[in-house]
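Engineer:
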Ligand code: ATP
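Numbering (the UniProt record's numbering), first residue to last: 303 to 601.
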């Protein structure tokens, strides 16, 4: 029995790790056949996306019901707008992203897209509507073309190239002797964290989702890469309902609304300038980040 059990529990471990990191979720679901935590209702219908308005309505959630993580979180991303979530480590920011992608169901309240409770729609249609750039993008040991087009196997070379250009990764690819046929991975081209995120951005552009979920990398990127990613982010989020899970504040200054989360509750909300004027938690975070940016060497 032990022999039988071990590989399963090992797989379970890997699964949990991957789930935690939001790494290539769609691929994981493909491999596993279905999610263990949530299942389609027998009468689930396909999500009907009109403007892609996203609403969190008094959402309560805990991985363990004895330890609540989100304690009544409400916000709306109007169609095509951008909301950014900031807050200290462990505040529950990534949990919000996981709930929107329906890795877990809320314990209380509801998450709605264009008025439809995400528990009532098929997971396939929900996940088709959301493009995710995870913190840590896993690349496959295959060509860079495959890695960009993955998720859209029917994409033409022209489409792949257009996405790569928008994500500012085309020039890097063309500098390789084999171009788009360059192998990526352990024995091939090794990409930096920022380059991997750009591959993920190109993937998302190809997928052309109505909702864009960006889980910012926690690790510090150099100033130049960070600016490039920010520029990419603006392009990708244009006209899409966007949720940014931010670990650095530089990415959120343009957001239509910034939500400051602390211990599972929204303690401040507003636009960048409004929050600075309020001189509260956000203003304090901003001041600290400016200080550390000044003392850190540029690039
Ligand atoms: P960070 O900025 O460090 O990424 P965060 O605000 O995104 O933090 P979350 O990842 O949402 O925080 O985690 C919120 C809380 O939930 C943390 O206390 C964390 O330990 C806990 N948590 C996260 N994932 C799980 C899990 N799979 N099982 C149990 N607890 C979890």
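Idealized CB from N, CA, C, for every residue including glycine.
(1) Please classify residue 390: does DSSP put it in a helix, a strand, or coil?
(2) From the DSSP output, which residues share a beta bridge with residue 545?
(3) Mind checking residue 472: buried by the 16 CB within 10 Å criterion, or exposed?
(4) Could you pull out every residue in the same chain whose Cβ sits closer than 7 Å to the Cβ of residue 389, ignoring the five residues on either side in sequence?
(5) Would you identify the three-state DSSP class for residue 412, choosing helix, strand or coil?
(6) In three-state terms, what does DSSP make of residue 586?
(7) Could you tell me the alpha carbon to alpha carbon distance between residue 417 and residue 450, rounded to whole angstroms?
(8) From this set, 480, 499, 496, which residue's C-alpha is nearest residue 490's C-alpha?
(9) According to DSSP, residue 277 sits in a beta bridge with which residue or residues?
(10) Measure the alpha-carbon distance for residue 305 versus residue 544 and round it to whole angstroms.
(11) Could you please give the first and the last residue of the uninterrupted beta strand (DSSP E) stretch that includes residue 475?
(12) From what residue to what residue does the alpha helix (DSSP H) around residue 557 run?
(13) When you compare each of 539, 573, 448 to residue 382 by their alpha carbons, which one comes out closest?
(14) Under the criterion of a Cβ to heavy atom distance below 7 Å, does residue 397 qualify as lining the ligand ATP?
(15) May I ask you to list the residues that DSSP assigns as paired with residue 362?
(16) Starting from the Cα of residue 535, find the closest Cα among 386, 457, 429 and give me that residue.
(17) Write down the C-beta distance between residue 349 and residue 415 rounded to the nearest angstrom, noting that I regard them as a contact closer than 8 Å.
(18) Using the rule of at least 16 other Cβ atoms within 10 Å of the residue's Cβ for burial, across every protein chain shown, is residue 537 buried or exposed?
(19) State yes or no: is the C-beta of residue 605 within less than 8 Å of the C-beta of residue 495?
(20) What residues in its chain sit with their C-beta under 7 Å from that of residue 407, if we drop five residues either side in the sequence?
(21) Identify which residue in 593, 448, 413, 353 has its Cα closest to the Cα of residue 511.
(22) Let me check understanding here. Comparing Cα to Cα, which of 444, 478, 499 lies closest to residue 488?
(23) With DSSP as the reference, label residue 538 as helix, strand or coil.
(24) Short of 8 Å in beta carbon distance, which residues of its chain neighbour residue 371, apart from the five on each side in sequence? Order them along the chain.
(25) Please list, in chain order, all residues of the same chain as residue 594 whose beta carbon is under 6 Å from its beta carbon, the five residues on each side excluded.
(26) So, helix, strand or coil for residue 404, using DSSP?
(27) Spatial neighbours of residue 590 within its chain, please: CB distance less than 8 Å, with the 5 preceding and 5 following residues excluded, ordered by chain position.
(28) Quick check: residue 454 and residue 401, are their CB atoms within less than 8 Å of each other?
(29) For residue 528, which of 373, 374, 499, 460 has the nearest alpha-carbon?
(30) Thinking C-beta only, is residue 557 closer than 8 Å to residue 384?
Structural biologist: Answer, in terms of the structure:
(1) The residue given as residue 390 occupies position 88 in the chain shown. The answer is coil: DSSP assigns residue 390 none of H, G, I, E or B.
(2) Here residue 545 is taken as the residue at index 243 of the chain shown, counted from 1. Per DSSP, 385, 515.
(3) Residue 472 sits at position 170 when you count from the first residue of the chain shown. Buried, because 16 or more other Cβ atoms sit within 10 Å of the Cβ of residue 472.
(4) Walking along the chain shown from the start, residue 389 turns up at place 87. Here the set comprises 395, 562, 563, 564.
(5) Looking up residue 412 in the chain shown gives position 110. In the structure shown, residue 412 adopts extended strand secondary structure according to DSSP, grouped into three states.
(6) The residue given as residue 586 occupies position 284 in the chain shown. Of the three classes helix, strand and coil, the one that applies to residue 586 here is helix, per DSSP.
(7) Reading the chain shown from its first residue, position 115 is the one you call residue 417. Reading the chain shown from its first residue, position 148 is the one you call residue 450. Separation of residue 417 and residue 450 (C-alpha to C-alpha, rounded to the nearest whole angstrom) is 32 Å.
(8) Counting from 1 along the chain shown, the entry for residue 490 is found at position 188. The shortest Cα separation from residue 490 among 480, 499, 496 belongs to 480.
(9) Since the first residue shown for the chain is 303 and the last is 601, residue 277 is missing from the structure and cannot be characterised.
(10) In the chain shown, residue 305 corresponds to position 3, counting from 1. In the chain shown, residue 544 corresponds to position 242, counting from 1. Model confidence at residue 305 stands at a pLDDT of 47, short of 50, so the residue's coordinates are unreliable; what they give is reported in the following sentence. The C-alpha of residue 305 lies about 45 Å from the C-alpha of residue 544.
(11) Counting from 1 along the chain shown, the entry for residue 475 is found at position 173. That residue, residue 475, is in no beta strand (DSSP E); its alpha helix (DSSP H) goes 472-476.
(12) As a first step, residue 557 must be located in the chain shown, where it is residue number 255. That residue, residue 557, is in no alpha helix (DSSP H); it is neither H nor E in DSSP.
(13) In the chain shown, residue 382 corresponds to position 80, counting from 1. That would be 539, whose Cα lies nearest to the Cα of residue 382.
(14) Numbered from 1 along the chain shown, position 95 holds the residue referred to as residue 397. Because some heavy atom of the ligand ATP lies under 7 Å away, the Cβ of residue 397 counts as near it: yes.
(15) Within the chain shown, residue 362 is the residue found at index 60, counting from 1. Answer by DSSP bridge pairing, in chain order: 373, 410.
(16) Within the chain shown, numbered from 1, the residue matching residue 535 stands at position 233. Checked all of 386, 457, 429; the closest Cα to residue 535 is 386.
(17) Position 47 of the chain shown, counting from 1, holds the residue named residue 349. Position 113 of the chain shown, counting from 1, holds the residue named residue 415. Rounded, the Cβ-Cβ distance is 6 Å, consistent with contact.
(18) If you number the chain shown from 1, residue 537 lands on position 235. With fewer than 16 other Cβ atoms within 10 Å, it is exposed.
(19) Any answer about residue 605 is impossible in this case: the structure gives the chain only from 303 up to 601.
(20) Within the chain shown, numbered from 1, the residue matching residue 407 stands at position 105. Short of 7 Å from the beta carbon of residue 407, and not among the five residues preceding or following it, lie these beta carbons of its own chain, in chain order: 340, 421.
(21) Residue numbering aside, residue 511 sits at position 209 when the chain shown is read from its first letter. Nearest option by C-alpha distance: 353.
(22) Along the chain shown, read from residue 1 onward, the residue named residue 488 stands at position 186. For residue 488, the closest of 444, 478, 499 by C-alpha to C-alpha distance is 444.
(23) Position 236 of the chain shown, counted from the start, is the residue given in the question as residue 538. Here DSSP, grouped into helix, strand and coil, assigns residue 538 to helix.
(24) Along the chain shown, one-based indexing puts residue 371 at 69. Excluding residues within five positions, the ones whose Cβ falls inside 8 Å are 363, 364, 365, 394, 397, 566.
(25) Counting from one through the chain shown, the residue named residue 594 turns up at place 292. Hits under 6 Å: none found.
(26) For the purposes of this step, residue 404 is identified with residue 102 of the chain shown, where counting begins at 1. Here residue 404 sits in coil by DSSP.
(27) Stepping through the chain shown from its first residue, residue 590 is reached at position 288. Excluding positions up to five away in sequence, the list is empty.
(28) Here the question's residue 454 lines up with position 152 in the chain shown. Here the question's residue 401 lines up with position 99 in the chain shown. Result no, Cβ atoms of residue 454 and residue 401 do not sit closer than 8 Å.
(29) Position 226 of the chain shown holds residue 528. Selection 373, 374, 499, 460 evaluated against residue 528 yields 499 as nearest (Cα-Cα).
(30) Here residue 384 refers to the residue found at position 82 when the chain shown is read from its first residue. Here residue 557 refers to the residue found at position 255 when the chain shown is read from its first residue. Yes. Within cutoff.
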